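Here's the structure we're looking at; comments come further down.
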Amino acid sequence: MHWIGGSILSGLALPALLGETALAAPRPATLDPDATAFLDEMERQACLYFYEQADPSTGQILDRANNHLPAGQMDPRFVSSIASTGFGLTALCIADSRRYLPSDRIRRRVLATLQFHLKPMPTEHGFYYHFNDVKTGLPLLNIEVSPIDTAILLCGVLTCRSYFKDPKITDLATQIYNRVDWPWMLNNGKTFALGWLPATGFLTPRWDHYAEMMMMYLLAIGSPTHPIDPSCWKSFSRPRTRFEKFSFISGPDPLFIHLYSHAWFDFHGKRDSYVDYFANSVTAVRAHKAFCMSLNRGYSDDYWGVTASDWIHGYTAWGGPPLMGPIDGTVVPCATAGSIAFLPDDCLRVLRSLKDKFGQYAWGRYGPCDAFHPDLAWYDADVLGIDLGISLLMIENFRTGFVWKYFMENGETSHAMKLAGFRNY
């Protein structure tokens, strides 16, 4: 199973620095023309995935697709990911802004997607199933209703509402967000259940320690119709990880948990009663680079970055610190692409080096493949929607702050951060 955003992985976590002050935001980025062209091409290719690998009637986007398909052809696999669709809705905003695709086609696709996800897409109390049939919207067998993946979809929905400022889009997006019954997913607790299954009810594990779920709690706190109490923000633990000279808030989880909420919520220059989460992610990425270097498995300044991804034997949630999974020298491009706003020079160096050295085999129609290991002559045939998504959104945020700008224009988002105790500093 492709675990995303930790919906099956219990106990994911994001980062924080020990006593570190706010860091300068890398926005807008000042890049040389070659770097600009390189990043623009990565964005354009990723946007193409989210347009081509979607069912035009439902707007649902495939969880994964082959990276070497003929132009415009949809992968024959039928599994859509609700989170991939959330990233994809945001990608459509970027594609419109950068004129990668005709504006009228983009608007039609956004409207079709929102209409289908409002009705007839199956939901439970407004929450969506994790994986579904891309044409019918029906959930796959034994697939959970996932609050974290629903939150990722909602972030895309609200980005569209703010960016397009179209009355129909606004109405559909508002209905989708406002119908989510957040207190139901608390299941009589102060932290969210990991998910819900029709046959057995709520899953026992909870989103009870720091992870990529900041967006989920903030969307729930800011809900105008079914909010949770702001005290829930203080109900999940914030464990600390130490590696070499680095100390930050995180559990033993893959790097992506330090990235996802930051794709939409702008945490820079803000802190709650615990930490500056943007600075925390900077430290987490620095620690991850140092961790890769310490493994003696072929990683270097030009080649590092591992997070939950495909590998030669399937799909795995690997990373560190601490060591997690069978890390073997495979590199995962979305680890550095998704971290580029936090460690720009180091991450850009890796991405350009990967393209220069391995582009003939590792790059395809939609950009870099999900993962590869040159020494084993293994290059993943696929790209994954969520991994392209975090890469695209964070590159765009690094370049312009676009997603942060439009997402944070939704009044519910800034209101939620205030209720959770965030303040500028």
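Position in the sequence shown counted from 1, then plus 344, gives you our numbering. Even for Gly, the Cβ is constructed at its ideal location relative to N, Cα and C. Note that this is a predicted model, so its numbers are computed, not measured.
- If you draw a 10 Å sphere on the C-beta of residue 389, you find 16 or more other C-beta atoms in it, and that means buried.
- In the three-state reduction of the DSSP assignment, residue 375 falls in the coil class, being assigned neither a helical nor a strand state.
- When the five nearest sequence neighbours on each side are left out, the beta carbons in the same chain lying within less than 6 Å of the beta carbon of residue 408 are those of 726, 728, in order along the chain.
- Restricting attention to beta strand (DSSP E) runs no shorter than 3 residues, the stretch 553-606 encloses them at 584-587, 590-593, ordered along the chain.
- The beta carbons of residue 673 and residue 642 sit closer together than 7 Å.
- Across the structure, residue 699 and residue 392 are spaced so that their CA atoms are roughly 19 Å apart.
- Taking every protein chain shown into account, the CB of residue 569 has fewer than 16 other CB atoms within 10 angstroms, so this residue is exposed.
- Between the alpha carbons of residue 714 and residue 469 lies a gap of roughly 34 Å.
- Excluding the 5 residues flanking it on each side, residue 564 has same chain C-beta neighbours closer than 7 Å at 526, 571, 572, in chain order.
- Setting aside the 5 residues that flank it on each side, residue 662 is surrounded in the same chain by 598, 650, 651, 652, 653, 655, 668, 669, 670, 671, each with a C-beta closer than 8 Å to its C-beta; the list follows chain order.
- When 475, 724, 415 are compared, the shortest CA-CA separation from residue 658 is found for 724.
- Closest in alpha carbon position to residue 511, among 458, 478, 555, is 458.
- Boundaries of the beta strand (DSSP E) around residue 409: 408-410.
- The C-beta separation of residue 423 from residue 484 comes to about 7 Å, placing the pair in contact by the 8 Å criterion.
- If you draw a straight line from the Cα of residue 540 to the Cα of residue 645, it comes to about 42 Å.
- Annotation: the continuous beta strand (DSSP E) that includes residue 726 extends over 726-728.
- Counting along the chain, the unbroken alpha helix (DSSP H) around residue 700 starts and ends at 688-706.
- By the C-beta criterion, the stretch 396-403 is judged not to be in contact with the stretch 688-696, since fewer than 3 inter-stretch pairs fall below 8 Å.
- The straight-line gap separating the alpha-carbon atoms of residue 761 and residue 380 is approximately 33 Å.
- A residue is called buried once 16 or more other Cβ atoms fall within 10 Å of its Cβ, and residue 556 is buried on that count.
- Taking residue 730 as reference, the option from 586, 402, 434 with the minimal CA-CA separation is 434.
- Here residue 380 carries a helix assignment [DSSP, helix/strand/coil].
- Shown here, residue 632 sits in a helix according to DSSP, grouped into three states.
- The beta carbons of residue 631 and residue 587 sit closer together than 7 Å.
- Rounded to the nearest angstrom, the Cβ distance from residue 750 to residue 503 is 6 Å, consistent with a contact under 8 Å.
- For residue 411, the CB contacts under 7 Å within the same chain, skipping 5 residues up- and downstream, are 708, 709, 710, 713, 725, 726, 727 in chain order.
- In this structure, DSSP gives residue 517 a helical state, which the three-state scheme calls helix.
- Minimum Cα-Cα distance from residue 560 among the listed residues 547, 550, 491 corresponds to 491.
- Selection 479, 567, 487, 481 evaluated against residue 495 yields 567 as nearest (Cα-Cα).
- Collapsing the DSSP output to three states places residue 668 in a strand.
- Taking the C-beta atoms as reference points, residue 472 is found no nearer than 7 Å to residue 487.
- With contacts defined by Cβ atoms closer than 7 Å, residue 682 and residue 562 do not form a contacting pair.
- Take residue 465, set aside five residues on each side of it, and the residues of its chain with a beta-carbon closer than 6 Å to its own are 481, in chain order.
- Within the same chain, Cβ atoms closer than 6 Å to the Cβ of residue 686 are found at 625, 626, 629, the five residues on either side in sequence being excluded.
- Counting the other Cβ atoms within 10 Å of the Cβ of residue 493 gives 16 or more, which makes it buried.
- By the C-beta density criterion, residue 509 is exposed, having fewer than 16 other C-beta atoms within 10 angstroms.
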